[in-house]
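Undergrad: Structure below; questions to follow.
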Amino acid sequence: MVAKAKKDWLFEAIGIIAELGVNSLTIEALTSRLGVTKGSFYHHFKNYQEFKEAFMTFFEEEGTLQIIKLAETAPTPAGKIALVLEATLQGPPQVEVAIRAWALQDELVQTYQERIDQQRIAYFQELFYASNRTQAQALTMARLFYAIYVGSEHIRPPITGEALRELYNEIRRLYSMPERKKTE
């Protein structure tokens, strides 16, 4: 049996949620998939509540803060917006949907989800404002792009990949937003 790092548990949780949903995210499911004992789980986490908090922190870091960090490598607001939009085209949409459903039932998850949503909208608003929009326009545009992203995941089947890219491009066209230049 190979020892697992704390991050292994958190990445495995993403896999369980993507494949089976949040209700299947149990200590037993994690230990079974990782091929370890419950003792290994308790080596890393005091209890399931601590695991859940570590998972939501990890989800926030990987699904929001790392994307913002990546976007900040682009030299222009348009380039940063393009990188964020590109990031939304990656990954299984069912994870975000499952976590939103979980947030309806769990206060801790709800607190994280609200903070994540606000961080994402605020970052987009900052980028649109830096693109010579008023604060009010920037907020509206941020909410619009984010609503498309979140809504596209809830439609069955979800709107993903090129179809989602087409929606983003149409909004860019309607708002006369420049495309990302090849050099960015």
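Counting from 29, one number per residue, gives the positions in the sequence shown under the working numbering. We treat Cβ as the ideally placed atom computed from N, Cα and C, and that holds for glycine.
#1: Quick check on residue 59: does DSSP put it in helix, strand or coil?
#2: Got a sec? Which residues, its chain only, sit under 7 Å from residue 72 by beta carbon, not counting five neighbours each side?
#3: Just to confirm, are residue 169 and residue 136 a CB contact at a threshold of 8 Å?
#4: Excluding the five sequence neighbours on either side, which residues of its own chain have a C-beta within less than 6 Å of the C-beta of residue 196, listed in chain order?
#5: Under the assumption that residue 268 contacts residue 115 (Cβ atoms under 8 Å), give the Cβ distance between them as a whole number of angstroms.
#6: What is the C-beta distance between residue 189 and residue 111, in whole angstroms, given that I count them as a contact (C-beta under 8 Å)?
#7: Compute the distance between the beta-carbons of residue 149 and residue 174, then report whether it is under 8 Å.
#8: Looking at the structure shown, is residue 100 part of a helix, part of a strand, or coil, going by DSSP?
#9: Need the endpoints of the alpha helix (DSSP H) that residue 84 sits in, please.
#10: Whether or not the stretch 44-57 and the stretch 124-142 are in contact is what I'm after, with contact meaning three or more pairs of Cβ atoms, one per stretch, closer than 8 Å; do they touch?
TA: Once the coordinates are examined:
#1: Counting from one through the sequence shown, the residue named residue 59 turns up at place 31. It is helical.
#2: Translated into the one-based positions of the sequence shown, residue 72 becomes position 44. If we look at residue 72 and ignore the five residues flanking it on each side, its Cβ neighbours are 34 and 37.
#3: Within the sequence shown, the letter at position 141 stands for residue 169. Within the sequence shown, the letter at position 108 stands for residue 136. No, they are not a contact pair.
#4: Reading the sequence shown from its first residue, position 168 is the one you call residue 196. 113.
#5: Because residue 268 is not part of the residues shown, which for the chain are 29 to 212, the question remains open.
#6: As a position in the sequence shown, residue 189 is number 161, starting the count at 1. As a position in the sequence shown, residue 111 is number 83, starting the count at 1. Between residue 111 and residue 189 the Cβ distance is about 17 Å, and since that is not below 8 Å, they are no contact.
#7: The count along the sequence shown starts at 1 and reaches residue 149 at position 121. The count along the sequence shown starts at 1 and reaches residue 174 at position 146. Yes, they are a contact pair.
#8: As a first step, residue 100 must be located in the sequence shown, where it is residue number 72. Coil at residue 100, not helix or strand.
#9: As a first step, residue 84 is located in the sequence shown; it is residue number 56 there, counting from the start. Boundaries of the alpha helix (DSSP H) harbouring residue 84: 76-88, taken from the DSSP string.
#10: Yes: the two stretches touch, three or more of their Cβ pairs being nearer than 8 Å.
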